[in-house]
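J.: All letters in the sequence shown, in the order written, are residues -31 to -1, 1 to 573 by mature numbering (1 follows the signal peptide of the UniProt record, and there is no 0). All C-beta atoms in this analysis are idealised placements derived from N, C-alpha and C, irrespective of residue type, glycine included. Quick caveat, the model's predicted, so the values are computed rather than measured.
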Amino acid sequence: MIDNTFTRRTLLAGLGATALAGSLCARQAYAAPPPGNPNAINGWVNSTLARMTREQKIGQLFVQEVYGSDSETPDQRNVANFGEAVPARIVEKYQLGGVIYFAWTDSFKNPQQVARLSNGLQQAALRSGGKVQIPLQVATDQEQGVVTRFGPPATQFPGSMALGAGRSTADARVAAEITGAELRAVGINVDFAPCSDVNVNPLNPVIGVRSFGSNPAMVAEMVAAQIDGYQLDGKVSSSTKHFPGHGDTATDSHTGLPIITHTREQWEQIDAPPFRAAIARGVDMVMTAHLVMPAFDDSGDPATLSKPVITGLLRGELGYDGVVITDALTMQGVREKYGDAEVAVRALEAGVDQLLMCPAIQPAIAAINEALGSGRLTEADLDAKVRRILRMKFRRGMVAQPLADIAAINGIVGTAAHQATAAKVSDRTVTLVKNDAKALPLKPAGTSILVTGYGVSTTQVTADELAKRGATARAMQTGTSPSDATIASVVAAAQTVDTVIVLTNKAWDTAVTDKTAGQQKLVKQLLATGKTIIVVAVRDPYDIAYFDQAPTYVATYSYSPVTPPSLVRVLTGEVNPQGKLPVDIPVAGAPQTVLYPYGHGLSY
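(1) Would glutamine 33 and methionine 361 be called neighbours here (beta carbons separated by less than 8 angstroms)?
(2) Any contact between the region 533 to 544 and the region 553 to 572? By contact I mean 3 or more CB pairs, one from each, below 8 angstroms.
(3) Residues in the same chain with beta-carbon distance under 7 angstroms from alanine 264, minus the five sequence neighbours each way, listed in chain order, please.
(4) Can you find at least 3 beta carbon pairs, one from the region 497 to 515 and one from the region 364 to 373, that sit closer than 8 angstroms?
(5) DSSP state of aspartate 553, grouped into three classes?
(6) Does the separation of the CB atoms of alanine 313 and alanine 297 fall below 8 angstroms?
(7) Would you check if the region 186 to 197 and the region 156 to 170 touch, i.e. whether three or more CB-CB distances between them fall below 8 angstroms?
(8) Please determine if the region 68 to 77 and the region 110 to 121 are in contact, where contact requires at least 3 C-beta pairs separated by less than 8 angstroms.
(9) So who's on the other strand from methionine 300, going by DSSP bridges?
(10) Thinking just about the alpha-carbon of each residue, which of Val35, Leu152, Ala57 is nearest to the one in alanine 49?
(11) Here's the rule I'm using: 16 or more other beta-carbon atoms within 10 Å means buried, otherwise exposed. How should valine 430 be labelled?
(12) Is the region 209 to 217 close to the region 147 to 158, with three or more CB pairs under 8 angstroms?
(13) Please confirm whether arginine 365 and valine 292 have their CB atoms less than 8 angstroms apart.
(14) Do the CB positions of threonine 299 and threonine 273 come within less than 8 angstroms of each other?
(15) Tell me which residues share the same chain as glutamate 318 and place their Cβ nearer than 6 angstroms to its Cβ, disregarding the 5 neighbours each side in the sequence.
(16) Would you give the residue range spanned by the alpha helix (DSSP H) that arginine 397 belongs to?
(17) For isoleucine 358, which of helix, strand or coil comes out of DSSP?
(18) Is the beta carbon of glycine 128 less than 8 angstroms from the beta carbon of tyrosine 526?
(19) Put serine 572 into one of helix, strand or coil per three-state DSSP.
(20) When DSSP builds the beta bridges, which residues end up paired with lysine 403?
(21) Which residues bound the alpha helix (DSSP H) around isoleucine 157?
(22) Runs of 3 residues minimum, wholly inside the region 13 to 83: which ones carry the beta strand (DSSP E) assignment?
(23) Put arginine 118 into one of helix, strand or coil per three-state DSSP.
(24) To which residues of the same chain is phenylalanine 51 closer than 6 angstroms at the C-beta, ignoring the five residues directly before and after it?
(25) If I follow the unbroken beta strand (DSSP E) through alanine 444, where does it start and stop?
(26) Looking only at C-alpha atoms, which of Ser40, Gln301, Ile147 sits nearest to glycine 383?
(27) Valine 278 and aspartate 290 - do their beta-carbons sit closer together than 8 angstroms?
(28) Between the alpha carbons of alanine 131 and threonine 421, how many angstroms are there, rounded?
(29) Could you work out which residue in Leu496, Gly89, Ala461 is closest to residue 575 when comparing CA atoms only?
(30) Quick check on valine 205: buried or exposed, where buried means 16 or more other Cβ atoms within 10 Å of its Cβ?
(31) Use the C-beta contact count for glycine 285: other C-beta atoms within 10 angstroms, 16 or more gives buried, fewer gives exposed.
(32) Buried or exposed: where does arginine 23 fall if 16 or more other Cβ atoms within 10 Å of its Cβ makes it buried?
(33) Give the DSSP bridge partners of phenylalanine 212, in chain order.
(34) Going by DSSP, which residues form a beta bridge with isoleucine 470?
(35) What is the DSSP secondary structure of isoleucine 294, counted as helix, strand or coil?
(36) Please classify aspartate 553 as buried or exposed, where buried requires at least 16 other C-beta atoms within 10 Å of its C-beta.
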């Protein structure tokens, strides 16, 4: 179990000896895991590299999204970037290092389909090189919680900040183990997780609950536990992200270029501990961030394209010699200064090994070849990058076992044992922040309850769980931006019941005032009815700052399918709330004034 009391105030206001000692402790606490048989690894890597053409080596630098749920069925969405519609042919044509799966690329239909897709793409990769057989990295972002690609029947967990609230490294590790094992069962061998950013900025629009919390030492412990869960237990490669740290920004790098103004000392204290812990645990991959950190590079280039950050800081000072991969090169934060082909070359010059989701692969390959011809990149540079990629593929078992065993899937993915473990982990994360009116625990039998606010399934499952316990329960979902008419209908319905449970989702987000205005108005008008109102934040815990007059407030940090049943078990007292806030909740409009501190959490 983990707990300590560093907050954004102590972290940013000064570099006291106690806080600095905590960072140093996080830096030193992690012994590296066994490296595997170095002779076997080096033998395969050396013999493979010696037989590769330049074209094959360049192909290993790319991890691309490929549209389609079947490896052999044409999908015209592929043509714009690849000049080819059939996924397997794309893998063969470019001899890709890897692919990445998303729901929007139609990669996920059901576990057997995912496995067939993975196997088809793997077979294309293995035959594309002739006598040089190099397996494909098959990747996804299965952070769990709000970033989940592989949905049910795969086992769902509530996500990083919920695990941070639970404070259990054992729970963090088992969540990663189960997630990794289920991914590997369908042929996915790389998980771009865990998020290792320390979320010290409550206004962060892109990280938030993807982070374990605001305490660097706690985040470092959780990151180390999850890397062991993914790599040692689940047998998938893990990627710590987003280096050098994306936790203190109010700008989303998908749409803009954040600037992190941390000093070198602040970076060491706040951002560095989780990445040091990840490196010490032998993490296979580090993903870069598309943000500017002038303390290390004042050129205005994002870290992804910064040699001082990637080669100087990550490779040199932190001693990392694993695979460095960019965040998606489709994101605006990395495209503001240079064209897509030049971005690819500059990332490789900076020290990156692999390019994720390059939006212009053919011009990028041409630019890389030109850079090799001009000396901007050398053959030795290219070989060093490919050597790291090959080493990871061998070490993580991709060479020995590239294909998924479809017959084994049902005994691994979404099993009753996995689901039961996820439920127990989830139960330990729910945080009771406020219970002034002693409305909790609820006694639902024989009462009428309205469940409203965010989420069609979230409100309905919550209502269904209460109905199982004898309540007359009704769901009226409103989304994140309810209209005045919707609010009026909910308030009218509230007048007819005993208790209202209202679920909020980022009601704090002042960047989208139309959304926050609706959610905040809904809660405040419900509170004015005089009914028993229970407010539940199902994403960021910061919402309470905008309606602190609410007498009852619960944070779940998640609307994952595993979460509503846990919420109801806590609301009804079947489970005594155990979660502790993994961040400060500041006063609205006054970020330096804490309303509820890190570590706060009530029980019955």
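T.: So, from the listed chains and residues:
(1) Locating residue 33 in the sequence shown gives position 64, where the first residue counts as 1. Locating residue 361 in the sequence shown gives position 392, where the first residue counts as 1. No, the pair does not count as a contact, with Cβ atoms beyond the cut-off.
(2) no
(3) Residue mapping note: residue 264 aligns to position 295 of the sequence shown, counting from 1. Contacts found: His231, Thr232, Arg233, Trp236.
(4) No, they do not touch.
(5) In the sequence shown, the residue the question calls residue 553 occupies position 584. Looking at aspartate 553 - three-state DSSP - the assignment turns out to be coil, as it is neither helix nor strand.
(6) By one-based count along the sequence shown, residue 313 stands at place 344. By one-based count along the sequence shown, residue 297 stands at place 328. Not in contact: alanine 313 and alanine 297 (Cβ atoms no closer than 8 angstroms).
(7) yes
(8) Yes, they touch.
(9) Start at 1 with the first residue of the sequence shown, and residue 300 comes out as number 331. Paired residues: none, contrary to the question.
(10) Taking the first residue of the sequence shown as 1, we reach residue 49 at position 80. Of the listed residues, the one whose Cα sits closest to alanine 49 is Val35.
(11) Position 461 of the sequence shown, counting from 1, holds the residue named residue 430. With 16 or more other Cβ atoms within 10 Å, it is buried.
(12) no
(13) Taking the first residue of the sequence shown as 1, we reach residue 365 at position 396. Taking the first residue of the sequence shown as 1, we reach residue 292 at position 323. Against a cut-off of 8 angstroms, the Cβ pair of valine 292 and arginine 365 comes out as no contact.
(14) Stepping through the sequence shown from its first residue, residue 299 is reached at position 330. Stepping through the sequence shown from its first residue, residue 273 is reached at position 304. The answer is no: Cβ separation not under 8 angstroms.
(15) As a working mapping, residue 318 is identified with position 349 in the sequence shown. The answer is none, since no qualifying residue turns up.
(16) For the purposes of this step, residue 397 is taken as residue 428 along the sequence shown, with counting starting at 1. Here arginine 397 belongs to no alpha helix (DSSP H), and DSSP marks it neither H nor E.
(17) Within the sequence shown, residue 358 is the residue found at index 389, counting from 1. In the three-state reduction of the DSSP assignment, isoleucine 358 falls in the helix class.
(18) Looking up residue 128 in the sequence shown gives position 159. Looking up residue 526 in the sequence shown gives position 557. Yes, the pair counts as a contact, with Cβ atoms nearer than the cut-off.
(19) On the sequence shown, residue 572 is found 603 positions in, with the first residue counted as 1. Reduced to three states, the DSSP call for serine 572 is coil.
(20) The sequence position of residue 403 within the sequence shown is 434, counting from 1. Answer is Tyr522.
(21) Stepping through the sequence shown from its first residue, residue 157 is reached at position 188. Taken as a continuous stretch (DSSP letters only), isoleucine 157 belongs to no alpha helix (DSSP H), as it is neither H nor E.
(22) Here the runs fully enclosed are 31 to 34, 67 to 69.
(23) On the sequence shown, position 149 is the one that residue 118 refers to. In the structure shown, arginine 118 sits in coil (DSSP, three-state: anything other than H, G, I, E or B).
(24) In the sequence shown, residue 51 corresponds to position 82, counting from 1. Cβ neighbours of phenylalanine 51 beyond the five flanking positions: Ile59.
(25) One-based indexing of the sequence shown puts residue 444 at position 475. From DSSP, the beta strand (DSSP E) with alanine 444 extends over 441 to 446.
(26) Locating residue 383 in the sequence shown gives position 414, counting from the first residue. Out of Ser40, Gln301, Ile147, Ile147 has the C-alpha closest to the C-alpha of glycine 383.
(27) Numbered from 1 along the sequence shown, position 321 holds the residue referred to as residue 290. Numbered from 1 along the sequence shown, position 309 holds the residue referred to as residue 278. No, the Cβ-Cβ distance between aspartate 290 and valine 278 is not below 8 angstroms.
(28) Numbered from its first residue, the sequence shown carries residue 131 at position 162. Numbered from its first residue, the sequence shown carries residue 421 at position 452. Roughly 22 angstroms between the two C-alpha positions.
(29) No answer is possible for residue 575: it lies beyond the span of the chain, which begins at -31 and ends at 573.
(30) For the purposes of this step, residue 205 is identified with residue 236 of the sequence shown, where counting begins at 1. Valine 205 is buried by the Cβ-count criterion.
(31) By one-based count along the sequence shown, residue 285 stands at place 316. The residue in question, glycine 285, is exposed, as its Cβ has fewer than 16 Cβ neighbours within 10 Å.
(32) Stepping through the sequence shown from its first residue, residue 23 is reached at position 54. With fewer than 16 Cβ atoms within 10 Å of its Cβ, arginine 23 is classed as exposed.
(33) Along the sequence shown, one-based indexing puts residue 212 at 243. Thr257, per the DSSP bridge assignment.
(34) Within the sequence shown, residue 470 is the residue found at index 501, counting from 1. DSSP output for isoleucine 470 lists Val420, Ile503 as bridge partner(s).
(35) Taking the first residue of the sequence shown as 1, we reach residue 294 at position 325. Reduced to three states, the DSSP call for isoleucine 294 is strand.
(36) Mapped onto the sequence shown, residue 553 falls at position 584. It is buried - the Cβ of aspartate 553 has at least 16 other Cβ atoms within 10 Å.
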